[in-house]
């Protein structure tokens, strides 16, 4: 399976619980900074748009989300 490059402002999901930040697996966040294409600053927010956490994560801690099938296969 081809891995799509994660880019600035992409929508991602956390793949493991991170209780130290109040985050759970599956929680959705936004890439707000890219560090060398293998680490990313991710912002997690509540439904009001308030930031819950903004933390650096490795590529293997997140999963890129897609809104359309064509984007998932690119």
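In the working numbering, the protein residues as written are 3 to 76. For each residue, glycine too, the CB sits at the ideal point set by N, CA and C.
Query                                                                                                                      : Result
Could you tell me the alpha carbon to alpha carbon distance between residue 9 and residue 64, rounded to whole angstroms?  : 12 Å
Using the three-state DSSP reduction, which class does residue 22 fall into: helix, strand or coil?                        : helix
In terms of alpha-carbon separation, which member of 58, 53, 32, 47 lies closest to residue 66?                            : 32
Measure the Cβ-Cβ separation of residue 49 and residue 16 and say whether it is below 9 Å.                                 : no
Could you tell me the alpha carbon to alpha carbon distance between residue 43 and residue 12, rounded to whole angstroms? : 11 Å
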